[in-house]
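Enquirer:
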Amino acid sequence: MIQRIVWITALQIALYTLGIPMLVAYEVGVQRLQAINGRTAFISTPIQRGQTVPPLPPYR
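In structure tokens:
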């Protein structure tokens, strides 16, 4: 039982640490799409207005 809890917490830590570079890569990918299209992409409009990025679904 204890091993299972440790495994879940380790998995959550790994997900959080992976989530930050994935978010950065997502924003970079959106910017690249913008450069290819030559117009503002629909996804990145809230980021351009200076608002917060839409929150990710909570890790469980």
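Counting along the sequence shown from 1, when you hit position 44 you're at 43 in numbering that gives the first Met the number 0, and nothing is skipped either side.
Glycine is no exception: its CB is placed at the ideal position from the N, C-alpha and C atoms.
What number of angstroms, rounded off, separates the C-alpha of L10 from the C-alpha of R3?
Expert: Residue numbering aside, residue 10 sits at position 11 when the sequence shown is read from its first letter. Residue numbering aside, residue 3 sits at position 4 when the sequence shown is read from its first letter. Those two C-alpha atoms are separated by around 10 Å.
Enquirer: Rounded to whole angstroms, what is the Cα-Cα separation between Q47 and M0?
Expert: Numbered from its first residue, the sequence shown carries residue 47 at position 48. Numbered from its first residue, the sequence shown carries residue 0 at position 1. Because Q47 carries a pLDDT of 49, less than 50, the predicted location of this residue cannot be relied on, and the following value inherits that uncertainty. When rounded, the distance between both Cα atoms is 47 Å.
Enquirer: Here's a check: name, in chain order, each residue in its chain whose Cβ is nearer than 6 Å to the Cβ of E26, leaving out the five neighbours to either side.
Expert: As a position in the sequence shown, residue 26 is number 27, starting the count at 1. Excluding residues within five positions, none has a Cβ falling inside 6 Å.
Enquirer: Tell me the DSSP secondary structure of M0 in three-state form.
Expert: One-based indexing of the sequence shown puts residue 0 at position 1. Coil at M0, not helix or strand.
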